[in-house]
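*Asks:*
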Amino acid sequence: MNTKTTLPISEARKEIFKIADKVQKTSNYYTLTEKGKPKAVILSAKDFESWQETLEVIKDFPNLEKDIEKSEREYKKGDYLTLEEILAKQGFIISNKSKKNVSDSSRKKSRKRFK
Numbered sequence: 057m058n059t060k061t062t063l064p065i066s067e068a069r070k071e072i073f074k075i076a077d078k079v080q081k082t083s084n085y086y087t088l089t090e091k092g093k094p095k096a097v098i099l100s101a102k103d104f105e106s107w108q109e110t111l112e113v114i115k116d117f118p119n120l121e122k123d124i125e126k127s128e129r130e131y132k133k134g135d136y137l138t139l140e141e142i143l144a145k146q147g148f149i150i151s152n153k154s155k156k157n158v159s160d161s162s163r164k165k166s167r168k169r170f171k
């Protein structure tokens with residue numbers, strides 16, 4: 057839950073250490089005002105870094121929301137490829153390793169060699 061507190065800058069100056077402690081709880085932040093208008097925001101370094109990362113993703117993928125919606129529609133229609141199909145199209149050979157058995161005796165022998 058976001059906890060927003062609004063304070064005049066002059067009051068925040070008096071309580072800056074208290075504010076710095078309170079914003080350490082996730083999603084707590086303070087909006088500082090001057091003459092009743094928002095002037096600055098104080099939030100934890102962790103939350104700030106999270107916002108920075110989010111902005112980078114938005115810059116790198118400007119159509120991300122539309123792309124996700126399109127992918128969800130295609131998935132619901134069954135219009136998608138499995139990982140195996142994608143790898144096969146790229147020329148990778150896929151083997152089913154689950155059918156191969158390794159005996160316990162060979163495992164025990166190999167462990168003994170390294171002891």
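Numbering (this note's numbering), first residue to last: 57 to 171.
The C-beta atom is built at its ideal place from N, Cα and C for all residues, glycine as well.
1) What residue ranges within the stretch 71-154 form continuous beta strand (DSSP E) runs of no fewer than 3 residues, ordered along the chain?
2) In angstroms, rounded to a whole number, what distance separates the CA positions of I75 and G134?
3) Are there 16 or more other CB atoms within 10 angstroms of the CB of Y86, so buried, or fewer, so exposed?
4) When you compare only the Cα positions, how much space is there between K70 and Q80?
5) What does the alpha-carbon distance come out to for the pair I114 and L120?
6) Under the rule that 16 or more other beta-carbon atoms within 10 Å means buried, what is A96, buried or exposed?
7) Give me, in chain order, the residues of the same chain whose beta-carbon lies closer than 7 Å to that of Y136; leave out the 5 immediate sequence neighbours on both sides.
8) At the level of alpha carbons, what is the spacing between N58 and F117?
*Replies:* Quick answer:
1) 84-90 and 93-99
2) 51 Å
3) buried
4) 18 Å
5) 7 Å
6) exposed
7) E130
8) 26 Å
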